[in-house]
C-alpha cells in the first residue's frame, strides 16, 4: 500500500490550550511519527475544581510509541511545553527546541528528576533535524515570548509549515522581526508548501496586528505621569514587554524590582541564553521598600488575577515587605483571558479600596496581542501559497472561520479537531480516522482521567453537598437500628428549624428497624435504600438532594 | 437631638447586583425608614457552588422593622426585585411600584403563596406616595426594561433623587423617552436637589450612550441577509429589543416564535399592563417546526449561556421539537456579563460544530447598553445640580471613579459601600456608622448565611475531595481495630498503583490497635487523630490532603 502523510491533533484543535500535534509518514498504520508541542491548559472551578493542570491524553501515541521519532517544541509558553515533564516518561524520545525554549524545557525536566540532556538545542534554519522521514527546520517568528519558531517540516509527500503561535511584527523589541522575503523563500524552495498548519487564535480580529514597539511611548508616558509607586503586571514570559516596562521605569528615574518566581526565572533564562542583553539592573524587594515611592517600579506576576501571584498578594496587603498605598498606580499591561474576568476584577476592586489607581490595557494602548490577526493570517496564506490549510490553535469557531477564509481563496482546507486524523497525501485533506482523545488532570501529584468520575464527584459534592451515613451490621447479620449521619456542605437546620442530620437518622432508624434479612445481607440493596431515604428526606426538608455515601460496617466475630 | 437624614446601602454598593438601599429620617437611632429595591445576584461555581440566588442580609433592617414604612421598587430586573418574595415575610410593609414592575412583583409573591395585594401600583409623578417623613414620586427613565423609574424622595432635610438604573434615551422604542426639561424641572422645584444617588455601572464608558432605536436598521438588515432559520437571544425583560427583533422578522417575511418561560412571561405581562401594544403575532414551537426554515425567527432566552435556557438547549440538540441545522444563523443581541464568557463561548462553539453561524453584538451593532455612560452621568449632574452625589450600583472602582468625577466639578461626594451609613443632613455627606451586612444564599428552599461555612465546605470538598472514615467503639469503650474508609472525589489508586482507601484503612487499623483508653473515650481526640492520619497518608500517596469526615459510632448496650 502506498505511503501516506497524516496529521492528528491530540490537543489544541477545538480549544485554546494544551497543544499537541502529531504528523506521520509511511505505510498506513506504520507511519513514523513526530509530535509538535506538548502543552497544558489550566483548570477552573466550573469544570475541574481542584485541578491545576490539564494535559492531553496521549494514549494513542503511547500505544504507537515505537513509531515516534522525536518531539519538537515551538516556543516556551506553558500551553506548548507545560506537559513535557509530566508525559515525557511515557514517550522517552529526543526533544528539540531553540535554546531559550529548550532551557525552559530542561528546567522542567530537572524539577521532575528527569534527564535534561534529552532536550537538544537547535539553531534556526538552515539547521535541519532529521527525524525518520521528516527533515525539520526552525523558522524564527515573532510572538509574545522570545525565540518562537514555526517548523518547516519536509516529508517525501511535500513540505509542511507548522506556524506555532506567531504574529507579524517587524519591530518586536526582543527577538526576530518578521521579514516577508524569508517567508516567500520557503514557498519558492522545491515544490513549495503543501500544507500550512496555522494559528487561528485571532482570526476574528479584523485589523492588522500591532507591533510590540508601539507600546514604548504610551507606557513611558504613563509611567512618567504617575506620582508615587508604580506597579505593572504582564506575563512573565513576555520578555519584550518586561524590557519595555523596565525601560520606561529607567526613563522616569525609577529602579526596577521584579516580583514573582516566574518573573525572575524568565529574566534569568533570558540572560543565560543571550536573548536578553540590555535589561536594566534590578533591585530586590528589601531595597525597593527603602526607596522613595516615586523612584520605584515593581514588575509583577499575576496579570490574570491568579490568587497566589504577586499582584493578588499586593492587592490583599503585603508581599515580601512591600505594600501599596493611596496614590500608587497599577498597570495591567495585558489582556484578560476569557474566564479570568472575575479574578482580575477582584484585584482591580481591592486596589480601588486601597486608593490605588488601576489601569488596564485601554483598548490596546498598553498591550498588543502575540497572535496574528485575520489580515496577518491572510498575508501568510499569500506568502506561503500552500495547497492545503489546516487551522489549529483555536476553538471550533476559530477553526471554522479560518477554513472559510482559506476556502474563499480557493485553497483546500479542513477542520480537524482533537482526534481527527487527516490524510494529506492527495490534493485535498481527507478525514481517515477518529482517534479517541481526552484530557488528563494533574491532581496533587497523580494524573487522573478527565472521565474517571473523580472530578464529576467533586462537582456534585460542590453543588449538592454530601451526606454520610454509617450503618452497622452485627456478627449475626442483624442491622443495628441506629444510623449515624454527618453532613458536609449542607444546611444544619431545616426551614422548620429541625436538625437535619437527626431528622434523617430518625427516618433511617425507622426503616432499619423493619428491614428484612435479605436486604440487610445485600450491600448494594442496603446502600440503595439508605441513599434513597436520605435524599427523599433532604428534598422534603431543605428542597435539595445531596450526594450520599453509605458505609455499612459489618462486624465479624474474631 | 436634631433630626437627621441617613443613607445606608445593604446591597448594590461595591458590587453590581442585589440592590437594596435604605433611607431614613428622624432623631438619631429613631429614623423612620424606607427601602429602595430588593434584588438578587446570581451564584457562581467559583464562590458559591450549588447556590442559585444570593440576596442581601437584612438583619439590620429586620431589627429595625418597626421603623420601616415601605419598600419602593424602581424596575423589574432581578437585581432590583428578585429577593422581594423571599425576604418580604421578614419585613411585611407595603410595596410600591409602577404597574409593569408591580405586576412582576405580584407574580413573585403569588408563587411563594404571599399576598399579592401588598404591592400597590403607582402612577408616574406627579402622584406622591407618603411614607412617614418621605414623599416619594416615580420619575420615568429609560433603561433596558419598560417602566423604569428614578425616585424623587422629598424629606424635611431636602430632596433626594435616586436614579435607579437609567440611560438617556430620547427614542427608547418602548417606554418613556429622556426629556432634559423634565429633569431640570426637578432641580427647579423648592430648594432643588440635595442628594443625587446615582447609577455608576458604565462610568468607565467614555462615549455618550446609544439609543435603542439605533439597532432597528442593523438588526433588520442582518435578519434579511440570512438564508435559513434565524435565532436571536437577548434578556427576556428587554421588551424594546424583543420588539425590534420581532419587527425585523416580520420585515423579512418571517413568523416569530418565542422560546423560554421568561420570554413568554415578559411579553404577556407587557400586554397585560399596556406597555406593549403593537407586538407582532407569534407562533408556537409546533407551528414553527412545520414552517419553511427561512420563514421563521426564534427569539429565545439564555443570552448569558445559562445551561438550562432555550439557547443552550438548542445548542445541545433539540428544544421543544425544534433543532438547528447547518446554514442557520444565531444572533446574540446582548452583551456578555463578565464571568459568563466561558458559558457563552460553549454555546458559540456548539453552534459552530453544527455549522450554524453565530453573531455577537459586533461592537454595538446589535446591542446597546441600558446604563448611562460617563457623559450621560455628567449630564444628569448638570441637570439636577445636586449638592451631594452618592454613587451606587457599581463595584468599588466604579463608585470611586464616579466620586472623582463629581468632586472634580466641585460637588460633595462620598463612596459608601454596603453597610456604610452616611448622614446627609449637613452640607457634605458624613460616615456615621458601619452596619454589619452580608449575603444570604438560597440553597434548595433554605436561606443560609454566606458565612455559615456550608458553602466553604462545598468549595473545600470540590478542591480537595472528601474522605469518610467510620470507626466503631463497642459497649465497653473498646475501639474495633477495623476502620472503614470511603473516598469521594479522590483518585482510587496511588501513583504506585495501591488502593488508596485500603491503604488508609491499614494505617488507621495500626493506629487504632494501639490507641489508649483515654483517647478512645474522647470523640474530639479520636476525630483529630484519625483526620490527621488520613490526611498524612493521602499527602504521601497522592500529594493531596482531602477533607475528612470521621463518624465514630458508639454502640450502647440496649
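Protein chains in written order, with UniProt numbering: chain A, 1 to 558; chain B, 1 to 558.
The beta-carbon is built from N, C-alpha and C at its ideal position, and this holds for glycine as well.
> CA-CA distance, residue 262 of chain A and residue 104 of chain A?
Replying inline: In the first chain, the residue the question calls residue 262 of chain A occupies position 262. In the first chain, the residue the question calls residue 104 of chain A occupies position 104. Using only the alpha carbons, I get a separation of about 11 Å.
> Tell me which same chain residues have a C-beta within less than 6 Å of the C-beta of residue 206 of chain A, skipping the five on either side of it?
Replying inline: The sequence position of residue 206 of chain A within the first chain is 206, counting from 1. Same-chain partners within the cutoff: 374.
> Tell me which same chain residues have a C-beta within less than 7 Å of the C-beta of residue 248 of chain B, skipping the five on either side of it?
Replying inline: Position 248 of the second chain holds residue 248 of chain B. Around residue 248 of chain B: 219, 220, 223.
> What separation, rounded to the nearest whole angstrom, lies between the Cα atoms of residue 195 of chain B and residue 429 of chain B?
Replying inline: Taking the second chain and counting its residues from 1, one reaches residue 195 of chain B at position 195. Taking the second chain and counting its residues from 1, one reaches residue 429 of chain B at position 429. So the two alpha carbons sit approximately 9 Å from each other.
> Touching or not, the region 53-66 of chain A and the region 144-154 of chain A, by the rule of three or more beta carbon pairs under 8 Å?
Replying inline: no
> Grouping DSSP H, G and I as helix and E and B as strand, with all else coil, what is residue 185 of chain B?
Replying inline: Within the second chain, numbered from 1, the residue matching residue 185 of chain B stands at position 185. Three-state DSSP puts residue 185 of chain B in a helix.
> If residue 256 of chain A and residue 280 of chain A are in contact, beta carbons under 8 Å, what's the gap, nearest whole angstrom?
Replying inline: As a first step, residue 256 of chain A must be located in the first chain, where it is residue number 256. As a first step, residue 280 of chain A must be located in the first chain, where it is residue number 280. Their Cβ separation, rounded to whole angstroms, is 6 Å, which keeps residue 256 of chain A and residue 280 of chain A in contact under 8 Å.
>> To be precise: take each residue of the region 523-535 of chain B, compare its Cβ to all Cβ atoms of chain A, and keep it if any distance is under 8 Å. Which residues remain?
In response: none
>> Here's the rule: buried if 16 or more other CB atoms are within 10 angstroms of the residue's CB, otherwise exposed. What is residue 122 of chain B?
In response: What you label residue 122 of chain B is simply residue 122 of the second chain in a count that begins at 1. Buried, by the Cβ-count rule.
> Going along chain A in order, which residues have a C-beta closer than 7 Å to the C-beta of residue 495 of chain B?
Replying inline: Within the second chain, the letter at position 495 stands for residue 495 of chain B. Those are 445, 446, listed as they occur along chain A.
> According to a CB-to-CB cut-off of less than 8 Å, which residues of the region 36-57 of chain A neighbour chain B?
Replying inline: 44, 45, 46, 49, 50
>> If the cut-off is 9 Å on Cβ atoms, which residues from the region 301-334 of chain B count as contacting chain A, listed in chain order?
In response: none
>> List, from N- to C-terminal side, the alpha helix (DSSP H) runs of 4 residues or more that fit wholly inside the region 241-309 of chain B.
In response: 261-272, 285-290
> Since residue 148 of chain A and residue 164 of chain A are thought to touch, with beta carbons under 8 Å apart, how far apart are those beta carbons, to the nearest angstrom?
Replying inline: As a position in the first chain, residue 148 of chain A is number 148, starting the count at 1. As a position in the first chain, residue 164 of chain A is number 164, starting the count at 1. About 6 Å; that satisfies the 8 Å criterion.
> Secondary structure at residue 433 of chain B, three-state DSSP: helix, strand or coil?
Replying inline: To locate residue 433 of chain B, count along the second chain from 1; it is residue 433. The answer is strand: DSSP assigns residue 433 of chain B an E or B state.
> Which first and last residues belong to the beta strand (DSSP E) in which residue 236 of chain B is found?
Replying inline: To locate residue 236 of chain B, count along the second chain from 1; it is residue 236. Here residue 236 of chain B belongs to no beta strand (DSSP E), and DSSP marks it neither H nor E.
>> Closer than 9 Å between beta carbons: that is the criterion. Which residues of the region 204-232 of chain B meet it against chain A?
In response: none
> Counting Cβ pairs closer than 8 Å, one from the region 476-495 of chain A and one from the region 441-448 of chain B, do we hit at least three?
Replying inline: yes
> Looking only at C-alpha atoms, which of A:86, A:17, A:62, A:96 sits nearest to residue 77 of chain A?
Replying inline: The residue given as residue 77 of chain A occupies position 77 in the first chain. Taking only the C-alpha atoms, the option nearest residue 77 of chain A is A:17.
>> Give me the subset of the region 384-402 of chain B whose CB atoms are less than 9 Å from a CB atom of chain A, sorted by chain position.
In response: 395, 396, 397, 398, 399, 400, 401
> From which residue to which residue does the alpha helix (DSSP H) around residue 377 of chain A run?
Replying inline: What you label residue 377 of chain A is simply residue 377 of the first chain in a count that begins at 1. Residues 374-384.
> Is the Cβ of residue 160 of chain A closer than 8 Å to any Cβ of chain B?
Replying inline: In the first chain, the residue the question calls residue 160 of chain A occupies position 160. For residue 160 of chain A, the answer is no, since every Cβ of chain B falls outside 8 Å of its Cβ.
> Fully enclosed by the region 64-96 of chain A, which beta strand (DSSP E) runs are 3 residues long or longer?
Replying inline: 68-72
> Can a CB atom of chain A be found closer than 8 Å to the CB of residue 66 of chain B?
Replying inline: Residue numbering aside, residue 66 of chain B sits at position 66 when the second chain is read from its first letter. Residue 66 of chain B does not count as touching chain A.
>> Can you look up residue 150 of chain B in the DSSP assignment and give me helix, strand or coil?
In response: Translated into positions along the second chain, residue 150 of chain B becomes position 150. Residue 150 of chain B: strand per DSSP, three-state reduction.
>> Just to make sure I have the definition right: I need the residues of chain A whose C-beta is within less than 7 Å of the C-beta of residue 503 of chain B. Which are they?
In response: Counting from one through the second chain, the residue named residue 503 of chain B turns up at place 503. Near residue 503 of chain B there are no residues of chain A at all, since even the closest Cβ is about 13 Å away, more than 7 Å.
> Opposite residue 124 of chain A in the DSSP bridges: which residues?
Replying inline: Position 124 of the first chain, counted from the start, is the residue given in the question as residue 124 of chain A. Bridge partners of residue 124 of chain A: A:138.
> Would the beta-carbon of residue 15 of chain A be found less than 7 Å away from any heavy atom of the ligand HEM?
Replying inline: This structure lacks the ligand HEM; in fact it carries no ligand of any kind.
>> At a CB distance below 7 Å, what residues from the region 337-353 of chain B approach chain A? Give them in sequence order.
In response: 338, 339, 341, 342, 345, 348, 349, 352, 353
>> Does the region 388-402 of chain B come into contact with the region 11-28 of chain B, if we say contact requires no fewer than three beta-carbon pairs (one atom in each stretch) closer than 8 Å?
In response: yes
> Just to confirm, are residue 113 of chain A and residue 443 of chain A a CB contact at a threshold of 8 Å?
Replying inline: Here residue 113 of chain A refers to the residue found at position 113 when the first chain is read from its first residue. Here residue 443 of chain A refers to the residue found at position 443 when the first chain is read from its first residue. Cβ distance not < 8 Å, so residue 113 of chain A and residue 443 of chain A don't count as in contact.
> Excluding five sequence neighbours on each side, which residues of the same chain lie with their C-beta closer than 6 Å to the C-beta of residue 245 of chain A?
Replying inline: Within the first chain, the letter at position 245 stands for residue 245 of chain A. Answer for residue 245 of chain A: 232, 299, listed in chain order.
> Near residue 3 of chain A, what residues of its chain come up, given a Cβ to Cβ distance below 6 Å and the 5 sequence neighbours on each side ignored?
Replying inline: For the purposes of this step, residue 3 of chain A is taken as residue 3 along the first chain, with counting starting at 1. Contacts found: 26, 27.
> Using the beta-carbon of each residue, which ones in chain B are nearer than 9 Å to residue 88 of chain A?
Replying inline: Position 88 of the first chain holds residue 88 of chain A. Here the premise fails: no neighbours, minimum Cβ distance about 16 Å.
>> Between the alpha carbons of residue 52 of chain A and residue 73 of chain B, how many angstroms are there, rounded?
In response: The sequence position of residue 52 of chain A within the first chain is 52, counting from 1. The sequence position of residue 73 of chain B within the second chain is 73, counting from 1. The alpha-carbon atoms of residue 52 of chain A and residue 73 of chain B are separated by roughly 44 Å.
>> Between which two residues does the alpha helix (DSSP H) holding residue 613 of chain B run?
In response: This structure cannot settle anything about residue 613 of chain B, because the visible part of chain B is limited to 1 through 558.
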